[in-house]
Amino acid sequence: FPGLPGATFNIQYGYGRPNVYRAVQAVRAAQVPPTADIQQPAWYQEVDPTLRSALSVCAGVAARTSGRYSWKVEYGLGPQPLEAEFVTIGSGRGTRPGTACASLRLANIPSSFWMGDFAITSDRLSIERYDVTVRVRVTDATGLVGEDRRVFHLRHDAGEMAGFPVYLGSSGESSPTIAELEGRRTLDVVVATASGAVHVLRSNGREAPGFPVFTGPAPGMDPSSDVNYLAVPHWAANPGDRPRDGIAAPAAVGDVDGDGRLDIVATTMSGRTYAWRSDGTLLPGFPVETDRAFAHQPVPVPDTPYHRNRSTGALAAPVLVDLDRDGKLDIVQAAWDGHVYAWHGDGTAVGGWPIDTDYPALRPSGQIYARDDKVVTTPAVADVDGDGTPDLVVALQDTSFPEGSPAGTAPVTAYLLAFYGQGTARGNAGLIEGWPVALQGGVQGYGSAQDFITEGLTSPVVFDLPAGPVAVVTVNLLGQYLVDLRTRVTRPFADAVLAAGGAIVPFTTSPSAGDLLGLGVPQIAQTGSSAADVATGVVDEPRAARPAHPGARLHQRARAGRRLRRRPSGHHPADRFCGPARVGRSHRPARRRLPQVDGWLLALHAGRGRPRLQRPARRGRHDAGGLPARLPHRRARRGPQARVALASGQSEYRTLGTGFGTGGGPLRRTGNMILDGGRKMRRMLLCCVAAVAVCSSAAADDCNPFGNAPRTIVPDSTVTTCSGGTTIGPWPDGDGTPRHACLYEPASASAARPLPLVVYLHPSLFTADTIPFATNLLAFRDTANVSGDPARPGFILLAPWGRATTHFYPAPDDQGTGWDNWYRQLDPSGGARIIGGLAYPQNVDAATIDHFIAQEVATGKVDTKRIYVTGWSNGSAMGFLYALDRPQIAALAVYSAPNPFRAFNDPCPQTPVFGRPSSDAQVRLFNRRLPTYHVHNDCDIAGICPNGELLRSQLQSLRIVFTDVIINSLQQRVAACLDACGTNPDADMNFADNPLGYTLGSANHGRWPSLWTQDMLDFFRTHPLR
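Start counting the sequence shown at 1; every next residue gets the next number (the numbering used here).
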């Protein structure tokens, strides 16, 4: 982050590194400069130039030396203006301490600055897009200068609601909760602050009667605490200055006392839970608190490796649910002492609670188990065991990993718990039989600087699907899982990507679920940061040049596990805890996002509740704290289908059946959703994100004329649904394995109007279901002109299924579903080859593809001059191998292919040739006229970009038409691979050799290049079989 020439201040490191020695020398020589202390405007104060004409800038000024001093007030546009860009708006002189003020006429600032569109810039200044810097300088008689500076936020946004933003006077780590508290048929905003205040704001920005309310004193200010600071003169003499117990988690809203009116529940960071009525009065029996026995740690702190000890406090939001079926909502609270508590609405404990979350007997053998007693995640509610009563799902920060595994490496396992609603009264110490569920993560962070963002799980979000409740949870910095709570089957969720910024890393953010689009199916939303920015901060690569991208709000279909088109919007790259609030359609058409930033609560709406992609809403300096706010329905109902508060401490939700849903509106049970989203995304693409790559578990075979021996079949429990299409098969391959394919035919396909056939080969560890849930191919199926005849739009999409075998890829992709591109006997005759008296059968995957193509061709619906192959990752490698050996294939266009002839630890690499091979080191190809089109990332998984360039050079040397498209994280075409992500032409087997390739590269690899799908189809159109 080099300093900007001509600027004396930089947002990355201020004025530079202080020279403490010179400072001490100056003090000794009484060379103490004068002081300037800006008192207004407030830091990042929101100022709308259409609502006011001027802004006062005032500062306390003084000089220690005798004589007169002078001062001047200046402003400049942006967070780090050049010295030449500052404009003086006031000046004066003095001899005694005083206040210097000047008025900044906002008309002097051009409207193009405060109305201009937000734009991402590589210098990272876009995070301060609408900042205006004010500076006060004081010069004493000896020429010494004192300076103070700060910025305010100058912006007019027609989407902001009248009365907002509201200055809360304190930081707001918690997300807002939205509820109809007053019975006025309008929604109120409930927001808590770090100063211990709970505000209820009406839609006009004004405080509701009786609010704000306040928590009790902070622990150090509490007279009842055995350790406090009340003997300090200032605190003793100024009770009004004493800080209160701060709140970092969202408040929950629901009827906990059974009077038919909504109450507000909030928990402080010291572990005290408060409950107020909607008029601001405190409910009897509150506050309640977690165990105070852990309020102090012994000194010295015990040496307990791999164990973070119990303490007193809470960061999780309270959750409201009727645990004991008495018709009233109970309060559930996870705490830092390792327990989950439950209280009635009168403050008494619910029977069977609290529950201890530590189960030493269930820890895996042969592993180091890192226990963190602090349960910082918010529990979620679901009927896990199917008995019609609510249970709790709790995510831990505990991890286990092999002994000797260094920090920052894999494998690592995190744990998800589920508790009976009856608690310990149900037996088994409250833990539901068969739990916990172990989830594989990408990074082990114990003992490393970034441990708080890479250990364990974030708060889960749960919702009902027709077959039962499921949870979505983020594990170990990267990756999401969808967990079937009844069967405990886990599936990796689709990788999250920015529309314009590459892959998204969720950090400590948690997902949120709801029917945002009114489609009758839930969608998942989650905030995060650009993988490039994460790599910059975490990976020690000083030579690497990385682009800067903003964080984004990512919306995904829960049923599909894929990103919604045109939904992400950019915002501050340091988003970690907060998330968007949203109102369900049952309230009003326009949903409102209410992020809280630096003490300001922002209410925005644009169109249907989202900013234009060209101008994401600027949200201020920093977001920190809290889960996405969930929005309630108007009243709670009692009984098995009660509206309950779930993972973020949101208010009541209507649920369906015996499960408990979540979201900004009712979750409608439509479609075969239990199979959608969970069973589509199988494990991970090619290898785990940021995983330590180890050599394939498959033993190297003796090489043969076709490379390696056929891969060994391994057990497989994956399920493919062909959602939206037709499953064809089974057909037994040469090994007797039943094979299937997914078929997606346009309604217009017929023998009278044959259409092009596009064969899609899925990535390893995934299935053909990646078509509807991870690509946008189906969006073009009915309308794209691939035939070259506008009267015959559309194409038939055929997706054969791979099978589970061993692979020569880094773990965990050393085995699983995929394609055998290591045994290269793909003779177009389809038969066995006899060489040296030995018979080499046809590659069974190639034979499977042949069979299903022939089956579809036999219908007469296929234009046989236009049979094409596309694919992704390992499917692309197989696509190259197959199409180069099948003269009936007209063209190939694939994404992110490892070289099928030489990649990673392949023990039998071969050089492709046309004609008779001279040795086993060569393999013969048969389709000389195949045009090829390869889209791949400049920073790709495990550094396979240079491996793709090796493939290009091999095929171009054979005069194969090869169109090489290298893209960056923005899906923009670039000239070359990014060296920082790997230079090994065989790709890198180990994380330590290429950490950026295993982080940013993995994230890039895990998203389909949706901006290039049309170009790939256009390539097909222009290349019929000749």
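Every residue gets a Cβ at the ideal spot worked out from N, C-alpha and C, and that includes glycine. Values in this document were obtained by computation on a predicted structure and should not be read as measured data.
Reduced DSSP category for residue i - H, G, I as helix; E, B as strand; rest coil
i     : result
S510  : coil
G1037 : Shown here, the chain extends from 1 to 1026; a query on residue 1037 therefore has no answer.
R206  : coil
W71   : strand
D993  : helix
W1012 : helix
W435  : coil
Q922  : strand
T805  : strand
R149  : strand
S750  : coil
D241  : helix
P469  : strand
D1018 : helix
V714  : coil
I867  : strand
Q910  : coil
P360  : helix
N428  : helix
G441  : strand
F419  : strand
Residues bridged to residue i (per DSSP)
i     : result
W872  : Y895
F118  : Per DSSP, none; premise fails for F118.
P738  : P732
D372  : R308
P800  : A741
G94   : Y69
R105  : A54
T133  : G76, V151
E1029 : The first residue shown for the chain is 1 and the last is 1026, placing residue 1029 beyond what the model contains.
Selection from the options that minimises the alpha carbon distance to residue i
i     : options                : result
E207  : F164, N984, S175, A231 : F164
P364  : A382, M161, D398       : D398
D885  : H296, P907, N843       : N843
A858  : Q1014, S56, L757       : L757
M1016 : A992, A891, N984, P946 : A891
T487  : G169, G183, Y481, V470 : V470
V132  : D148, T121, G94, Y75   : Y75
P436  : Q12, N476, A361, L465  : A361
I355  : I728, F419, F401, D383 : F419
V227  : G240, A192, F211, Q297 : Q297
L125  : M115, P81, G98, G92    : P81
W353  : G427, F401, R137       : G427
Q31   : Q956, R22, Q422, F113  : R22
W43   : A513, W872, T770, P79  : P79
V759  : I120, T50, L144, I771  : I771
A197  : N238, F795, V265       : V265
G830  : L838, W822, A847       : A847
Cβ of residue i within 8 Å of any chain C Cβ
i    : result
Y895 : Among the chains of the structure shown, chain C does not appear; only one protein chain is present.
Inset, instruction - Give a yes or no on contact between the segment 344-364 and the segment 280-294, applying the rule of three or more CB pairs nearer than 8 Å. - result: yes
Inset, instruction - Ignoring anything shorter than 3 residues or poking outside the segment 10-90, list the beta strand (DSSP E) runs there in chain order. - result: For the segment 10-90, whole beta strand (DSSP E) runs of length 3 or above, ordered along the chain, are 35-40, 54-62, 69-77.
Inset, instruction - Could you tell me which uninterrupted beta strand (DSSP E) segments, each at least 3 residues in length, are contained entirely in the segment 923-1009, listed from first to last along the chain? - result: 932-937, 962-967
Legend entry - Meets three-Cβ-pair contact criterion under 8 Å: the segment 97-107 and the segment 42-62: Enough Cβ pairs lie closer than 8 Å, so yes.
Inset, instruction - Taking 8 Å as the threshold, find out whether the segment 898-907 comes into contact with the segment 936-949 through three or more Cβ pairs. - result: Judged by Cβ distances under 8 Å, the segment 898-907 makes contact with the segment 936-949, as three or more pairs qualify.
Inset, instruction - Check whether the segment 926-939 touches the segment 984-994, taking contact to mean three or more Cβ pairs, one atom from each stretch, closer than 8 Å. - result: no
Legend entry - Complete beta strand (DSSP E) runs within the segment 764-851 (minimum length 3 residues, chain order): Whole beta strand (DSSP E) segments, 3+ residues: 796-800, 803-806, 815-818, 833-835, 838-840.
Legend entry - Given 8 Å, three or more beta-carbon pairs between the segment 873-887 and the segment 809-826: Because the criterion of three Cβ pairs below 8 Å is met, the segment 873-887 and the segment 809-826 touch.
Inset, instruction - Pair every Cβ in the segment 232-246 with every Cβ in the segment 299-313, then say whether three or more of these pairs are closer than 8 Å. - result: no
Legend entry - Segment contact flag, the segment 969-977 with the segment 736-747, C-beta cutoff 8 Å, min 3 pairs: Judged by Cβ distances under 8 Å, the segment 969-977 makes no contact with the segment 736-747, as fewer than three pairs qualify.
Inset, instruction - Decide yes or no for the touch test of the segment 746-765 against the segment 811-821: beta carbon pairs closer than 8 Å, at least 3 of them. - result: At 8 Å Cβ cutoff, the stretches touch.
Legend entry - Stretch pair the segment 180-199 + the segment 140-156: three plus CB contacts closer than 8 Å: no
Inset, instruction - Determine contact between the segment 740-757 and the segment 786-794, defined as no fewer than three beta-carbon pairs at a distance below 8 Å. - result: yes
Inset, instruction - Take every Cβ of the segment 253-269, pair it with every Cβ of the segment 326-337, and state whether three or more of those distances are shorter than 8 Å. - result: yes
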